[in-house]
Structures are given as C-alpha cells and as structure tokens.
Amino acid sequence: MCVQTAVLQGNQRLLPELSAPVTAWFAGKGWQARAHQLAVLAAEREGNSVLLIAPTGAGKTLAGFLPSIEDLIASPHSGLHTLYISPLKALAVDVARNLGDPVREMALPIKIETRTGDTPASRRQRQRFDPPHILMTTPEQLALLISHPDSAKLFGGLKRVVLDELHALVTSKRGDLLALGVSRLARLAPQMRVTALSATVAEPEILRDWIAAPVAPRPAKLIHAPGGAPPKLSILASDDRVPWAGHSAAYAVPELLETIEKHGTTLLFVNTRSQAEMLFQNLWAINEDALPIALHHGSLSVEQRRKVESAMVAGNLRAVVCTSTLDLGIDWGDVDLVVQVGAPKGASRMLQRVGRANHRLDEPSKALFVPANRFEVLECEAALEAVAEGAQDSERPLPGGLDVLAQHLLGLACAAPLDPDTAFAEITAAWPYRDLPREKFDKVLEFVSTGGYALKAYERFAKLRKTEDGRLRIANPQIAQQYRLNAGTIVEEPMLKVRFVRARGIKKGATTGPIGRGGRMLGEIEEYFIDQLVRGDTFMFGGEIVAFEGVVETEAYVSRSFSDNPKIPSYMGGKFPLSTFLADRVRRILAEPEHWQQLPDQVREWLELQRHASVLPGRDSLLVETFPRADKHYLVCYPFEGRLAHQTLGMLLTRRLERARTQPLGFVASDYALAIWCATDLSALIRTDRLSLDQLFDEDMLGDDLEAWLDESALMKRTFRNCAIISGLIERRHPGKEKSGRQITMSSDIIYDVLYQHEPDHILIEATRHDAARGLLDIERLGVALKRIRQHILHKPLDRISPLAVPVMLDIGKEPIFGEARDALMREAAEDLIAEAMAFGADPAHIGR
Amino acid sequence: MAQTQPISVDDWQTTIRFCGHDFMPLISGALYWPEIDALLVADLHFEKFSSFAPSGQFLPPYDTAMTLQRLEGDIDLTGARKVIALGDSFHRDNGVNTLQPQDRQRLSALTGTLDWVWLAGNHDPSAHALGGHCAAQLAIAGLTFQHEPRPGTKGLVAGHLHPAARIAMNGKSARRSCFAYDDNLMILPAYGASTGSLNILSPAFQGLFDKSALQVVMIGRDRTYPVGSSRLVAR
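From first to last, the protein sequence lines stand for chains A and B. Going by the numbering used here, the first residue of the first sequence is number 2, and it counts up by one from there. Going by the numbering used here, the first residue of the second sequence is number 2, and it counts up by one from there.
Here it is, written out as structure tokens:
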C-alpha cells in the first residue's frame with residue numbers, strides 16, 4: 002500500500018479529481034483510490050479506451066466502474082450508460098453485487114441490473130425499452146440484444162463498455178462473437194469507450210489492439226496494476242514413490258489429507274472430471290475424521306454445485322476438489338491453499354489458479370503442486386519457475402471463425418436490413434476479422450442466405466432478400482425467431498442425464514426385466530463415454546462408483562455398485578494439452594542436468610539411467626528410440642508438443658509406415674511422447690537405410706497424408722458439428738421441440754460426408770479445417786515442431802525399452818489406442834463365429850444358414 | 002496329427018441363406034440376389050436434405066446424387082438387371098418433384114434400362130411416374146417384399162427400420178449398419194447417403210425376430226462380417 006501511495010503522490014498533477022461522494026466514500030472506509038484505478042479514470046476522461054492488466058484482488062471491479070460512477074455523478078444520464086460483459090453468468094451476478102454495495106453506500110441514484118440466460122423473460126423484455134444505467138451481461142446476451150430492431154435506440158446513448166476477464170474470452174469463438182458485438186456497438190454508439198480488464202498475459206499489446214480496433218482511430222491505453230506479493234509455491238515432497246505413469250496421484254492422498262487438516266480451506270484443482278472423481282473418492286476412503294470435503298465439476302447437477310458453492314462461501318468446507326469450473330472469477334471467500342493435483346499444463350492457467358488462494362493482494366497466495374507421475378514432476382518444476390517469474394504462455398487470439406461470422410451476419414439482418422458494404426466495414430473493424438478478404442465475406446453472406454452451394458438448389462427459400470436499394474433483409478419474421486433460439490457459440494458435447502435407479506435382476510446374464518423406476522438425478526455425462534459402456538460396467542460419478550444399467554431416451558440409468566474398483570477408467574487424457582511455453586521449459590530441464598538438483602531423488606535417478614542407457618532428448622532436437630519388445634518393434638519419440646499434436650503425428654506416421662510396409666499395429670500418445678508399434682524390425686530397416694527417419698518425419702506429411710487422413714477422421718466430424726451448429730446450418734433447437742445431442746451428432750456426421758465428398762471447398766469445410774488445425778488436431782503446433790526438428794533427429798537403436806519410454810508404454814491399455822481399425826473387432830467376432838461353427842462341422846460358406 | 006489350417010474370415014464371401022435362397026450382402030447396404038439377377042435396396046431416402054430447405058435449413062443438396070452414385074456402382078459391380086427398392090425411396094412424396102434436373106436424368110437412365118420396382122414406404126406412399134413399376138408389395142419365388150417388417154410372415158424381406166448392430170469385445174465396441182434375419186424375416190440396412198441407423202436391440206425391433214435364430218451381417222469398411230447374435234449389445 003505504501004509503495005502505491007508513493008506512486009500516486011509522485012504523479013499528483015496527472016491524477017484526476019474525484020467527485021465529492023466518491024471522495025467521501027473512500028474516506029469513510031479509510032481507503033485511498035489506487036493508482037491504477039485513477040489512471041483508468043484519467044484515460045477515460047480523455048476519451049481513450051483502456052486495457053487494465055491487474056492480478057486478482059487488485060480492485061479491478063472498482064477500477065472498471067469508477068469512470069461510470071464519476072460520469073453518472075457529473076452528468077445525469079437517461080438510458081443505458083455502461084454495458085459490462087463477463088465470460089461467466091455467475092461472475093456478472095457477483096460483480097453486480099460487488100458494485101451495488103458502494104453505489105448504495107454513496108446513495109447514488111444509479112440503477113444496476115444483470116441480464117443472463119437465467120433472467121426472467123419479462124425482465125429481459127422490459128430491459129430493452131427501460132434499461133438500467135449499468136447492465137451486467139454475457140457475450141451471448143449481447144448478440145441477442147443487437148439482433149433486435151430496437152437495438153439502435155437501446156445502445157444509441159451508450160458511453161462505456163467494460164469487458165471483464167478479456168484474456169479468457171479472446172482465444173475462443175465466444176471472443177469472436179464478442180468482438181463482432183463490440184464492433185456493432187461502436188457503430189451504434191460512436192462516442193463509446195472500451196475498458197477491458199485482464200489477468201497478466203504474455204502479449205498485452207494484442208489485447209490492447211483488440212479493444213482499440215472497433216473504436217479506431219481513438220487509441221487504447223495500456224495500464225498495469227502493480228502485482229501483489231509473490232506467491233509461495235512448492236512441490237509436494239512425498240515419502241512415497243512418484244509413479245512412472247498414471248494421472249490419479251493416488252500415492253499422495255495421505256499427504257494431501259494431512260495438508261488439508263493443516264489449512265483452513267483448501268482448493269484442490271485437477272484437470273478433468275474423472276480425475277476429480279478419483280481424487281474425491283480416494284480422499285474420502287481415508288478421511289476418518291470426516292472433514293467436510295466436497296466435489297465440484299461441470300457435470301454435476303446445478304443444484305449440487307450451488308450447494309457446494311454456498312457451503313464454501315459460508316466457510317463450512319475444509320476442501321473442495323474441483324476442475325476448471327472454479328478457475329475464474331467469483332470470490333469464494335478465504336481460501337488458504339491452492340493445490341494443483343496432476344500436471345499444470347500451462348503457466349497462465351497456473352497463475353490464475355494460484356490466485357484463487359487469498360484475495361488479499363498484500364499477502365502471498367500459497368500453492369502446492371502434486372505431480373501424478375515422473376514427467377509431471379518435470380512439468381511442475383517448469384511451472385514453478387514460470388509462476389515465480391510471472392512468465393506467461395503466449396496464447397494468441399485466432400483469426401475470427403467463419404461460422405461465428407455467419408451467425409452474426411444473420412443477427413445483423415434481423416436487426417435491420419443489411420448493407421453489404423457497410424457491414425463489411427463494420428466486421429473488419431473487429432480485430433479477429435481485420436484481415437478478412439471481401440470475397441470470403443461475400444461467400445459467408447451467400448451461405449447465410451441460401452447455403453452457399455455451387456449447386457444453386459435453394460434460391461427460392463433464401464433467408465435474405467434484396468430490397469430495392471440493394472440491402473438485404475430477412476425474408477420473414479420467423480427467421481429472426483429461429484436465429485434467437487440458435488444464437489451463441491457454446492456447443493455442448495452431447496450429454497446424457499445420469500439418473501440413479503434400483504439395479505435390475507442381479508442374476509448373471511439376465512438381459513431382460515424392467516429397469517427400476519427413475520430416482521435421483523446425479524448430473525450429466527458425455528454421450529461418447531456412455532457409448533462405450535455395456536450394462537453392468539462400473540464407473541465413477543458424483544463421488545461414488547455406479548453401475549451402468551442402460552439408456553432410456555436421453556437419460557443414462559445407473560445403480561449403486563458395491564465394487565471397490567470401477568471397471569472402466571474414465572480418464573481420457575488431460576483436458577488441456579501441455580502449453581508450448583511449458584513444453585520448452587521441460588525440454589530445457591531435461592537437456593541441462595544442472596537443473597536436476599531440485600528434482601526428487603527418484604526422478605533424478607530415472608534421468609541418470611536414461612542418460613546411461615540411451616540419450617537425453619535435446620532442447621531443439623528430437624530423440625527417436627527403436628527397440629524390440631515381446632514380438633513387436635517399437636518406435637518412441639519425444640516431441641513434448643502435447644497430446645493432440647502427438648495424436649495427429651501418430652496418425653500420419655502410421656500411414657507412412659504402412660506405406661513403407663513396416664506393418665504398424667497401433668500407437669499411443671501422451672503429452673510428452675508418442676509410441677508406435679510395428680510387426681517389422683524398425684532398427685534394422687533404419688540401419689540398412691531402407692527407412693529414413695528424416696523422410697518419415699518430413700513436414701510434407703502435413704500435405705497429402707493429412708488430406709487423406711482428414712477424409713476419414715472422426716475428429717473432423719466432431720469439429721464440423723460445432724461449425725455447423727454455430728453457423729446455423731444445423732439448428733440447435735426448433736421452436737417447441739428440442740433436438741437431442743444424439744440426433745444432431747448422427748445427422749451432422751452424415752451431412753459432413755455428403756458435403757465433403759461433393760464440395761470440399763465449401764465455406765463450412767474451410768471453417769472446420771481451420772478449427773481442426775488449431776483445435777482437436779493441433780496441426781499448427783505439429784507443423785512448427787516438424788520444422789524445428791528438421792535435420793535434428795537423433796536416432797537411438799536399443800535392444801530393450803529405455804527408462805524414458807516406460808511412462809508412455811505404460812499408457813498402452815489405459816489410454817485409447819489408435820490405428821486399430823474397428824473393423825478388426827468385427828473380424829474377430831466373425832472368426833469367433835467361424836470357430837464356433839467349425840466345432841459343429843458346419844460348412845463355413847453357408848455360415849449364415 | 003496334421004494340424005488343419007484355421008479358416009479365416011478372408012477366405013470366403015459372406016453369403017446369406019434365407020428361406021432356401023442365397024443372397025450376397027454388399028458393403029453399400031444393397032443385397033444382390035443372383036437367382037433372379039436382382040439388386041435389393043431399402044430406404045434410399047432421396048431428397049432428404051432438400052426437404053429441410055423450406056424451414057430454413059440448407060443442408061448440402063448432394064445426398065440424392067451420392068445415393069445414385071452408389072446405386073450405379075452396385076449395378077456395375079453385380080450386373081443386376083432388376084432393382085427392387087423396398088420403400089422410403091423418397092424422403093417424402095414431394096421429393097419426386099424436387100429432384101435436381103441432373104439427378105432426374107441419371108435416375109431415368111436407370112429406370113429406363115433396368116426392370117425397376119418401387120415399393121411404397123411410409124415416407125413415399127404415393128405412386129409416381131419416374132419409370133419402373135410402383136407397388137405396395139411384391140412376391141417372388143415364395144418370398145414377399147414390402148417396406149415394413151412384421152412378425153409371423155414366412156419369407157418376408159423388408160426395410161423401414163435402418164438396422165445397425167453394436168458388438169463389444171475386450172472393452173472396445175463397433176457399431177455398423179447391418180443385415181438382420183432369422184428363419185422368417187430379413188431386414189435390410191438403409192441404403193441412402195442421408196440415412197442414420199437404429200440398434201437392432203432397441204424396442205422398435207421387439208417381437209420381430211426369433212432371438213435364438215437371429216443372424217447378423219455387419220458392414221465393414223472393405224467387406225461384410227457375419228457376427229454371432231450373442232455378441233450384440235444394446236449400446
């Protein structure tokens with residue numbers, strides 16, 4: 002506080018005057034306005050937009066709204082003055098409450114309201130013609146608001162837009178939608194200024210440009226709030242052995258419970274729902290004092306989550322095991338310790354999570370890292386260094402999605418007839434779309450109107466019709482209605498509700514008999530997970546082990562199970578891939594043994610062993626090991642580029658190996674390594690120059706091989722589904738009847754096949770490719786990696802598995818294995834049938850009788 | 002004792018023997034009947050995607066062309082001279098009118114050269130004049146052909162339900178369209194490019210097959226696979 006006051010006095014003449022009510026309020030609290038709060042106010046008064054980079058607890062909310070309060074005191078305003086947009090509904094509600102307190106205490110006649118999907122329709126309706134001064138909402142609600150014909154009136158007098166947690170939004174399609182929405186606001190209200198609040202990011206200039214683009218030529222100022230006390234970080238030093246592989250960190254559970262006992266309230270972050278389930282289960286298995294420990298993740302029912310949240314706020318919990326659902330925003334009261342169980346994956350995410358402990362800026366937050374396996378020890382070490390330095394991953398916002406653009410253009414046409422030239426200028430004023438070529442814009446407009454197919458089949462059903470002055474208006478009012486039902490960019494994985502029922506007849510092999518009547522709802526689960534289950538399979542959900550009973554309409558029925566071990570490990574790899582930034586640091590730690598001092602003994606020994614038995618991967622080279630094991634021949638490489646990029650690499654390498662007739666049988670990818678196994682001796686092939694690793698890993702695999710593989714990739718279909726829904730090709734729901742996720746998935750796969758075969762350069766296939774390159778396939782990152790390692794491949798033929806290869810080899814059987822065609826399964830089943838028939842001496846040619 | 006070479010599934014073509022007749026299931030979902038040189042196809046659902054256009058959903062208008070291409074390929078492959086379409090050939094009666102000119106041309110080239118029978122389906126109950134004969138039902142060589150399956154008719158060949166089978170082994174599962182039959186009834190998979198499928202263990206199939214005699218031929222990528230009914234799972 003002292004330091005900040007000094008800064009404040011040093012710049013006295015630059016500081017803006019505060020109004021009497023605000024000054025009195027600060028004085029009454031015994032507080033002083035912080036330098037960055039005043040700096041934001043000063044910049045705003047000069048008519049500038051502002052990007053404020055501030056850590057948690059730095060008084061961001063007040064910094065964001067002080068200019069509104071001051072302006073509303075200075076000149077009374079009727080209508081909407083400030084629009085606040087947050088990535089989370091709950092955060093919007095929370096901020097409204099936090100701002101409401103000082104406004105009430107200052108006795109100011111400022112009306113503050115929230116508008117989210119949960120706001121009653123009647124109030125949302127009223128807000129459009131009788132808005133508050135300050136409205137707190139989400140990007141999706143903004144999209145809906147600007148699609149109304151009265152939006153020009155509603156936003157005409159708007160002075161300020163406040164964008165909260167902007168760093169979290171800009172890297173997603175929600176960010177594209179927001180950028181387009183803000184660009185429209187800037188058009189409706191040319192006088193408005195943007196204030197964006199963000200956590201620390203690697204390249205703040207990009208965010209600054211992002212907010213300045215729509216209000217150009219006026220500049221945006223970049224203001225940094227001083228950081229708080231540096232966090233106190235440590236890695237759990239367990240007496241037990243750190244496992245070679247796995248993600249459960251079960252070895253550390255006794256120590257974790259002790260840690261919870263020693264602290265008031267602990268937040269335990271994990272990366273996936275199933276890890277959360279597992280950890281929760283393991284903690285309670287030994288929680289003899291019955292410490293109140295709760296579970297919080299996105300699949301639990303809303304009521305269950307709210308219960309945990311209010312218990313947390315009331316201080317009734319000692320620990321919460323949670324996923325990224327608690328990453329952002331809301332202040333859960335006094336958290337004394339944050340524990341990250343499992344790999345941190347990214348430095349920025351870690352900083353954010355660590356910031357959840359202790360919202361008082363001047364006290365250090367305390368965090369503990371618990372690696373679940375040996376590679377994760379390295380990753381935790383790298384994250385620890387990064388967080389201590391305040392170093393960040395640099396995740397840049399992507400070029401804007403064409404599917405989002407399609408949705409937005411229809412929204413604009415719903416508000417008023419659309420002039421293509423003006424709309425193009427408005428769109429390219431949004432930062433993600435600044436480089437959009439006009440012909441692409443026209444293609445998207447064509448897509449919105451009639452589907453944009455080379456075969457003009459739908460002209461007479463066109464959604465947009467030309468008016469006499471060349472503008473485009475919607476063909477009928479139902480289109481606007483439909484648009485509003487389908488707006489937004491969040492496409493959920495198809496989910497099934499999970500309901501508790503009484504088990505069916507326990508009799509072995511019984512496949513009939515009624516399923517018990519529906520009981521309590523446990524939450525929701527991804528459909529693809531349920532798809533792989535057979536009745537009787539056990540898995541963990543909602544903190545207990547349940548048995549799968551069957552699917553009835555859109556609900557998965559489960560019963561209580563008495564088994565100790567769930568049969569189906571629902572771990573599907575980490576949800577977030579290892580960031581490029583952390584990967585680079587991990588490679589450095591590996592390559593430089595002088596870093597190993599800080600590592601636990603067993604991990605150091607492991608690396609020493611590797612150095613002895615094989616070699617260590619270099620910082621910029623790629624280590625490829627080949628060795629025989631059992632009757633197979635393995636190739637293990639260590640690119641450290643994250644699971645998604647490795648999966649794509651695995652798919653492409655297997656195709657090439659197949660062509661080279663090395664008979665690849667399958668592969669498994671982790672965040673660090675990739676293992677492929679073949680029936681042919683790879684070491685011998687490489688030794689005799691019949692297989693070249695340089696050629697095998699050549700970048701040109703991203704050409705034809707990629708194309709060929711994309712043809713049949715299920716990941717492309719999953720990506721397409723999102724684009725199809727966001728762009729409006731497939732409806733999310735029809736008025737009156739909700740389409741289930743299952744139906745959408747089924748038909749979107751079929752639609753993809755038809756479209757891809759007949760018009761592979763359609764705008765939606767382009768959008769899908771673009772998403773896949775950055776998303777599920779991570780082609781872009783793979784491309785950078787292949788470039789880096791070109792001519793830097795270090796081949797090490799071995800006669801047995803190397804120490805470093807053990808973790809990824811242990812994943813075989815636990816992680817999904819690729820490259821084994823599902824056809825093999827049918828072949829096996831068919832062979833079974835033959836064997837059975839042969840036993841009776843039947844003629845196989847007429848097996849089908 | 003000499004070890005006999007185990008017989009592999011690769012060693013023969015899948016044949017379906019049903020009610021005394023032999024059929025060849027094709028990976029496209031068609032069933033070839035050499036005895037009368039006929040190709041049997043169910044549920045083509047022509048013009049399905051275009052049927053969504055009036056409601057503002059512009060699905061790629063190429064599904065009809067894709068289905069036609071498959072048909073032409075199967076006719077080339079088998080040299081069939083007769084085609085029996087087992088109903089739901091059009092996604093709706095009006096599909097007959099919405100055909101793109103080039104698709105209409107391809108179709109009439111087929112119906113003009115082949116002996117073509119359109120059986121009525123619930124989606125396309127009305128007769129039309131696209132060439133070939135329209136009928137509700139057909140009887141050949143002791144077998145009956147109609148769109149909807151029903152239990153208790155000896156020798157009925159039908160479509161309508163879009164059967165698919167899911168098998169699970171060693172913790173993995175595969176789900177594919179399939180031919181399903183017992184001693185009395187055979188149901189063909191849906192043939193159209195725009196069609197989805199339904200698991201044969203779902204309630205829609207209840208009471209149709211004699212479980213103990215049920216046979217399934219699943220459609221793989223490069224061939225078809227006979228699969229024991231004990232391998233089937235509901236999900």
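The C-beta atom is built at its ideal place from N, Cα and C for all residues, glycine as well. Computed from a predicted structure; not experimentally measured.
In terms of beta-carbon proximity, residue 755 of chain A lines the interface with chain B, with at least one pair separated by less than 8 angstroms. Secondary structure at residue 48 of chain B: coil, using DSSP grouped into helix, strand and coil. Per DSSP, residue 112 of chain A has no beta bridge partner at all. Per DSSP, residue 227 of chain A is not a residue of any alpha helix (DSSP H), being assigned neither H nor E. For residue 90 of chain B, the closest Cβ of chain A is not nearer than 8 angstroms. An exposed status is given to residue 287 of chain A, since fewer than 16 other beta-carbon atoms sit within 10 Å of its beta-carbon. Chain-ordered, the chain A residues with CB closer than 8 angstroms to the CB of residue 62 of chain B read 452, 454, 456, 458, 459. Residue 182 of chain B carries a strand assignment under DSSP once its states are collapsed to helix, strand and coil. Using a CB distance cut-off of 8 angstroms, residue 732 of chain A counts as an interface residue toward chain B. The Cβ atoms of residue 127 of chain A and residue 149 of chain A lie no closer than 8 angstroms to each other. For residue 484 of chain A, the enclosing alpha helix (DSSP H) covers residues 478–487. Around the beta carbon of residue 397 of chain A, fewer than 16 other beta carbons lie within 10 angstroms, which makes this residue exposed. Inter-residue distance for residue 783 of chain A and residue 647 of chain A is about 8 angstroms (C-alpha atoms, whole angstroms). For residue 545 of chain A, the closest of A:580, A:501, A:119 by C-alpha to C-alpha distance is A:501. For residue 376 of chain A, the enclosing alpha helix (DSSP H) covers residues 375–390. Counted as a single uninterrupted DSSP element, the beta strand (DSSP E) harbouring residue 367 of chain A occupies residues 367–371.
DSSP places residue 500 of chain A inside the beta strand (DSSP E), whose first and last residues are 496–501. If you draw a straight line from the Cα of residue 641 of chain A to the Cα of residue 228 of chain B, it is about 42 angstroms long. Uninterrupted beta strand (DSSP E) stretches at least 3 residues long and entirely within the region 652–699 of chain A occur at 665–670, 675–679, given in chain order. Annotated three-state conformation of residue 425 of chain A is helix, per DSSP.
Collapsing the DSSP output to three states places residue 114 of chain B in a helix. At a cut-off of 8 angstroms between beta carbons, residue 168 of chain B contacts chain A. Residue 371 of chain A places its beta carbon less than 8 angstroms from that of residue 341 of chain A. Against chain B, the CB of residue 464 of chain A has a partner CB under 8 angstroms away; the residue lies at that interface. Looking at B:100, B:199, B:207, B:152, the one whose alpha-carbon comes closest to that of residue 185 of chain B is B:152. Chain B places a beta carbon closer than 8 angstroms to that of residue 752 of chain A, counting this residue as a contact. Using a Cβ distance threshold of 8 angstroms, residue 623 of chain A and residue 780 of chain A do not count as a contacting pair.
Membership of residue 152 of chain A in any beta strand (DSSP E) is not indicated; the residue belongs instead to the alpha helix (DSSP H) covering 152–156. Counted as a single uninterrupted DSSP element, the beta strand (DSSP E) harbouring residue 135 of chain B occupies residues 134–136.
Look at residue 20 of chain A here: in three-state DSSP terms it is coil, with no helix or strand label. When secondary structure is reduced to three states using DSSP, residue 201 of chain B falls in the coil class, being assigned neither helix nor strand. Using a Cβ-Cβ distance cut-off of 8 angstroms, the region 137–157 of chain A and the region 106–118 of chain A are in contact, since at least three pairs of beta carbons, one from each stretch, lie closer than that value. Per DSSP, residue 415 of chain A lies in no beta strand (DSSP E); the unbroken alpha helix (DSSP H) holding it starts and ends at 403–416. Residue 28 of chain B has its alpha-carbon roughly 25 angstroms from the corresponding atom of residue 664 of chain A. DSSP places residue 341 of chain A inside the beta strand (DSSP E), whose first and last residues are 338–342. Taken in chain order, the whole alpha helix (DSSP H) runs of length 4 or more contained in the region 29–68 of chain A are 36–46.
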